[in-house]
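Those letters in the sequence shown? Residues 1 to 205, by this note's numbering.
We put the CB at the ideal spot given by N, CA and C, even for glycine.
I have placed the structure first, in the form of structure tokens, so that the comments after it can refer back to it.
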Amino acid sequence: MTMIADPEQYFRNFIPPRDEILRELEQEAKDERIPIVGPVVGELLFILARAVRAQRILELGTAIGYSAIYLAHGCEPAKGRVITLEWDEGMAARARSNIAKAGLSHLVEVQVGDAQKLMADMTGGTFDLVFLDIDKEGYLPALAHCHRLLKTGGLLIADNVGFAGADPFNQGIMADRRWRAVSLLCFLPNHSPEKDGLAFAVKVA
Ligand SMILES: C[S@@+](CC[C@H](N)C(=O)[O-])C[C@H]1O[C@@H](n2cnc3c(N)ncnc32)[C@H](O)[C@@H]1O
């Protein structure tokens with residue numbers, strides 16, 4: 001069996017197409033070194049939100065609203081909504097403006113504050129999908145909230161699990177039988193960074 005030669009270069013040819021607004025945000029993120037998921041993981045978020053027919057989505061870590069736009073488009077046909085949490089007021093303001101430019105303000109609520117504290121005040125069992133993308137040291141503390149907030153059968157997606165700070169989360173979710181989880185080490189063109197891990201988990205109990 002012959003594998004594709006130079007697979008990284010090869011798979012750069014398959015970066016999904018996207019709207020002008022998303023391309024502008026990618027440029028902004030590059031210029032200002034704001035870590036965003038980029039078009040491959042963005043499209044993955046869209047696909048997963050669409051596939052699970054998510055109606056209530058929670059995102060931890062908004063930055064300038066790039067991934068929230070993908071999630072909002074993903075849940076649009078199911079008349080879904082996205083709540084996204086960001087502790088930096090300036091970022092949250094930029095995200096609101098970008099989400100408005102994308103015509104998605106009616107689908108996305110940006111809440112300002114520490115994700116851990118905001119989650120502690122939310123009602124449990126109500127989300128279909130949670131996307132985890134805050135400081136990596138916060139992943140394990142956030143996991144208990146994610147478990148409480150997701151419905152049984154709900155999907156948890158965690159970005160950047162290849163970062164050292166995500167190790168306690170990786171160990172924790174794999175050891176917890178209330179989750180079925182898998183971690184993938186991936187090549188992700190235009191992701192920050194391009195070689196990183198992604199975790200996917202379903203709340204089974
Ligand atoms: C990697 S960026 C998010 C990128 C965004 N998901 C995207 O791909 O477009 C992480 C964001 O989370 C925010 N953040 C980090 N820790 C947080 C916390 N505990 N609560 C709320 N926001 C947090 C940071 O300010 C930063 O804007």
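{"query": "Helix, strand or coil at Q171 according to DSSP, with G and I counted as helix", "result": "helix"}
{"query": "DSSP state of R23 mapped onto helix, strand, coil", "result": "helix"}
{"query": "Ligand 1 heavy atom lying under 7 Å from the CB of S67", "result": "yes"}
{"query": "CB of S192 within 8 Å of CB of G38, strictly", "result": "yes"}
{"query": "beta-carbon A206 near ligand 1 non-hydrogen atom, thresh 7 Å", "result": "Any property of residue 206 remains undetermined from this structure, which presents the chain solely from 1 to 205."}
{"query": "Q116 versus L140: straight-line alpha-carbon distance, rounded", "result": "11 Å"}
{"query": "For Y70 and G103, believed in contact at Cβ under 8 Å, the rounded distance", "result": "Wrong, their Cβ atoms sit about 14 Å apart, outside the cutoff."}
{"query": "Three-pair Cβ contact test at 8 Å for the region 42–55 versus the region 127–147", "result": "yes"}
{"query": "Whole-Å CB distance - H145 paired with M119, under 8 Å assumed", "result": "4 Å"}
{"query": "Option in F187, L188, W179 with minimal Cα separation from L200", "result": "A small fix is needed here, since residue 200 is Phe in this sequence, not Leu. Here the closest residue by C-alpha is W179."}
{"query": "Nearest residue (CA-CA) to P77, options A63, P189, R56", "result": "R56"}
{"query": "A144: CB within 7 Å of a non-hydrogen atom of ligand 1", "result": "no"}
{"query": "CA-to-CA distance, V82 to P7, given in whole angstroms", "result": "35 Å"}
{"query": "P16: CB within 7 Å of a non-hydrogen atom of ligand 1", "result": "no"}
{"query": "Where I47 sits in the DSSP three-state scheme", "result": "helix"}
{"query": "Presumed contact (8 Å Cβ cut-off) between D133 and L60, rounded CB distance", "result": "6 Å"}
{"query": "For A199, the first and last residue of its enclosing alpha helix (DSSP H)", "result": "Taken as a continuous stretch (DSSP letters only), A199 belongs to no alpha helix (DSSP H), being part of the beta strand (DSSP E) at 195–203."}
{"query": "V204 CB to nearest heavy atom of ligand 1 below 7 Å", "result": "no"}
{"query": "Assigned exposure category for G80 - 16 Cβ within 10 Å defines buried", "result": "buried"}
{"query": "Every unbroken alpha helix (DSSP H) inside the region 75–103 [4 residues or more]", "result": "89–101"}
{"query": "Whole-angstrom distance between P35 and A93, CA atom to CA atom", "result": "17 Å"}
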